[in-house]
Amino acid sequence: MTRLVTFVDVDVYVPRRMSVSARYEAVLVGGGRVLLLGDRGWSVSGPPNIWALTSVEDIVDTARMVVGPDKPFGGRSHEDMDADHWVQLAEVLRKQGVVADPLKLKRLQHEVVLSERLLARVGHAPGRHAVQP
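Per my numbering, residue 8 is the first one in the sequence shown, and the count goes up by one each step.
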């Protein structure tokens with residue numbers, strides 16, 4: 008694997024709500040991609056111009072957060088949650104025929120790619136800030 012990528016797009020348009028979907032993938036050496044998490048995203052309610060009030064940096068930071076690791080719960084530590092997250096992702100890859108070491112996965116570069124639609128919604132010119140390493 009060469010890197011991890013989260014693709015972020017506008018989910019549903021509602022005037023006073025920012026709804027975003029995030030798809031987390033592993034990029035293989037040959038250029039192929041394997042879906043790790045396809046069910047992530049978030050919504051935020053606010054004023055009619057909520058999209059214009061939201062920065063690209065905030066979206067990138069939130070995208071990285073929603074693909075994990077999750078926050079601790081039930082007496083579990085950050086370290087436990089972190090380790091379990093990477094083991095789970097390695098298992099997702101294994102089920103799709105890709106062998107991956109959880110510790111090596113954790114060290115891969117994680118890019119966040121924002122769709123042109125999302126960039127337009129937050130008021131950025133197309134192609135600008137599309138990829139955040």
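Every residue gets a Cβ at the ideal spot worked out from N, C-alpha and C, and that includes glycine.
Given the structure is predicted, the values throughout are model-derived calculations rather than measurements.
Query: Cβ-based neighbour list, S50, same chain, cut-off 8 Å, excluding 5 preceding and 5 following; Result: D18, R24, M25, S26 and V27
Query: Any 3 or more C-beta pairs closer than 8 Å across the region 113 to 122 and the region 65 to 74; Result: yes
Query: C-beta atoms of V34 and T9 nearer than 8 Å; Result: yes
Query: C-alpha gap between Q103 and V41, whole angstroms; Result: 8 Å
Query: Where R24 falls: helix, strand or coil (DSSP); Result: strand
Query: For L43 and V99, believed in contact at Cβ under 8 Å, the rounded distance; Result: 5 Å
Query: CA-to-CA distance, D77 to D87, given in whole angstroms; Result: 10 Å
Query: Cβ of V129 within 8 Å of any chain D Cβ; Result: Of the chains in the structure shown, none is chain D; there is only one protein chain.
Query: W49 - containing beta strand (DSSP E), residue span; Result: R40 to S52
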